[in-house]
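**Q** These protein sequence lines map, in sequence, to chains A and B.
For the first sequence, numbering that gives the first Met the number 0 begins at 0 and goes up steadily by one.
For the second sequence, numbering that gives the first Met the number 0 begins at 0 and goes up steadily by one.
Here it is, the structure, as structure tokens.
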Amino acid sequence: MIDWAHFTPWTSLAGGALIGAAAAMLVLLNGRIAGVSGIVGGLLAPRAADIAWRVAFVLGLLAAPLFVRGNPRIEAGLGTLLLAGLLVGLGTSYGSGCTSGHGVCGVSRLSPRSLAATLAFMAAGMLTVFAVRHLA
Amino acid sequence: MSALSAFAAGLVFGIGLLVSGMTDPGKVIGFLDVAGSWDPSLALVMAGAVFVGAFAFSLARRRAQSFFGGAMQLPRRRDIDLRLVAGAIVFGIGWGLAGFCPGPALVSLGAGQDKAVVFVLAMLAGMLAYTAAERFRGEKS
């Protein structure tokens with residue numbers, strides 16, 4: 000059943016186009032993939048390279064709420080947030096990317112690795128929500 | 000110059016995440032909940048992003064250098080290995096549990112949400128654990 004009350008086709012499409020435009024800017028101007036986990040991970044690596052553009056990109060993300068207000072519904076408690084954050088950090092490191100690097104940039108490039116990773120994290124996310132919402 | 004364009008890209012990226020609804024974990028979980036009352040919005044986020052991105056990457060692929068003169072650094076690997084798929088699955092489980100992925104979590108941190116602080120700290124710990132494990136692996140072999 001479709002949740003028409005929360006369905007936001009136009010703002011989601013427009014927001015998506017902005018995300019694509021940002022990825023376009025970073026690759027065409029800087030020659031880099033806009034993958035958030037990779038950009039942050041590169042700052043934590045033993046020999047962190049080209050720090051300036053990575054820090055600048057993260058600062059841009061952090062500054063975004065100055066221009067647009069969000070209205071988040073965060074149900075997860077402290078324990079869930081800790082576990083989820085740990086899994087996201089580990090999983091994106093081993094899997095070389097997240098929703099932005101694989102899901103947006105990789106799918107845009109039709110990269111076989113990114114298509115496989117996107118299918119895998121989408122399926123795992125759906126199964127996890129199914130288990131939490133409908134089995135527990 | 001390149002730091003300025005990276006800042007602008009991050010800013011537009013973050014604004015896109017906010018406008019699209021990706022920074023609302025409730026909306027993300029509503030998208031992943033295909034068996035419940037399903038909110039298909041995030042499929043449109045991806046469609047919009049990939050539509051614009053496809054043009055940019057087809058242009059980028061034909062260039063050896065970016066417009067600012069730096070090397071065009073596109074991933075070259077095409078093999079699908081266990082690390083990639085297992086990592087993506089672990090990431091997906093974490094994404095489904097809290098409804099946060101790295102980009103939206105950082106934007107929410109910028110908005111000053113205390114729950115995002117907890118999530119981001121745990122995420123950084125996970126990334127550091129990976130770095131440590133890789134270093135250990137490197138020393139052993």
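In this text, a Cβ means the ideal position worked out from N, Cα and C, and glycines have one as well.
All values derive from a computational prediction rather than experimental measurement.
Anyone know if the C-beta pair for A:V128 and B:D32 falls short of 7 Å?
**A** In this structure, A:V128 places its C-beta atom within 7 Å of the C-beta atom of B:D32.
**Q** Could you pull the DSSP bridge partners for B:Q64 from this structure?
**A** B:A70
**Q** I'd like to know if the stretch 47-56 of chain A and the stretch 46-66 of chain B are in contact, where contact means that at least 3 CB-CB pairs between them fall below 8 Å.
**A** no
**Q** Between the Cα of B:F99 and the Cα atoms of A:A23, A:R72, A:A22, which residue gives the shortest distance?
**A** With distances taken between CA atoms, B:F99 lies nearest to A:R72 out of A:A23, A:R72, A:A22.
**Q** Looking at the unbroken alpha helix (DSSP H) that takes in A:R140, where does it start and where does it end?
**A** For residue 140 of chain A there is no data in the structure shown, the boundaries of chain A being 0 and 135.
**Q** Using a cut-off of 7 Å between C-beta atoms, extract the partners of A:R72 located in chain B.
**A** D23, P24, G25
**Q** Classify A:I1 as helix, strand or coil using the three-state DSSP reduction.
**A** A:I1 falls in the strand class under three-state DSSP.
**Q** Given this structure, state the Cα-to-Cα distance separating A:G14 from B:R134, to the nearest angstrom.
**A** 39 Å
**Q** Enumerate in chain order the residues of its own chain whose CB-to-CB distance from A:V54 is below 8 Å, with the five nearest sequence positions on each side excluded.
**A** L42
**Q** Nearest by alpha-carbon distance to A:G93: which of B:M122, B:A115, B:M71 is it?
**A** Note on residue identity: the sequence assigns Tyr, not Gly, to residue 93 of chain A. Checking every option, the nearest Cα to that of A:Y93 belongs to B:M122.
**Q** Under the DSSP definition of a beta bridge, which residues are partnered with B:W193?
**A** With chain B covering only 0 through 140, there is no way to say anything about residue 193 of chain B.
**Q** Against chain B, with Cβ distances strictly below 7 Å, would A:R31 count as a contact?
**A** Cβ-Cβ to chain B under 7 Å: yes for A:R31.
**Q** Have a look at B:R82, B:T130, B:A97, B:M126 and flag the residue whose alpha-carbon is nearest the alpha-carbon of B:G29.
**A** Checking every option, the nearest Cα to that of B:G29 belongs to B:A97.
**Q** Under 8 Å by Cβ, that's how I've got A:A16 and B:G125 pegged, so tell me the actual separation to the nearest angstrom.
**A** Rounded, the Cβ-Cβ distance is 31 Å, inconsistent with contact.
**Q** Please report how far the alpha carbon of B:S4 lies from the alpha carbon of A:L25, in whole angstroms.
**A** Looking at the two C-alpha atoms, the distance is approximately 7 Å.
**Q** Let me check you understand the geometry: is the CB of B:V33 closer than 6 Å to at least one non-hydrogen atom of the ligand NAD?
**A** The ligand NAD is not part of this structure, which contains no ligands at all.
**Q** Rounded C-beta distance between B:G86 and A:T98? I'm assuming under 8 Å.
**A** The Cβ separation is near 13 Å, so there is no contact.
**Q** Would you call B:G111 buried or exposed, if buried means 16 or more other Cβ atoms sit within 10 Å of its Cβ?
**A** Around the beta carbon of B:G111, fewer than 16 other beta carbons sit within 10 angstroms, so the residue counts as exposed.
**Q** So the candidates are A:A20, A:P45, A:A44; which of them puts its Cα closest to the Cα of A:A33?
**A** It is A:A20 whose Cα lies nearest to the Cα of A:A33.
**Q** Please check the pair A:S11 and A:G100, which I expect to be a contact at CB under 8 Å, by giving their CB distance rounded to whole angstroms.
**A** Between A:G100 and A:S11 the Cβ distance is about 20 Å, and since that is not below 8 Å, they are no contact.
**Q** Output, in chain order, the set of chain B residues within a Cβ distance shorter than 7 Å of A:A20.
**A** V11, V51
**Q** Pull up the distance between the alpha-carbon of B:L17 and that of A:A135, whole angstroms please.
**A** Taken atom to atom, the span from the alpha-carbon of B:L17 to that of A:A135 is near 31 Å.
**Q** Hey, does A:R132 have any beta-carbon neighbour from chain B nearer than 7 Å?
**A** Residue contact check for A:R132 against chain B: a CB pair falls below 7 Å.
**Q** Alpha carbons only, please: which of B:R77, B:D78, B:W94 is nearest the one belonging to A:L82?
**A** B:W94
**Q** Does the CB of A:A135 have a neighbour CB from chain B at under 7 Å?
**A** no
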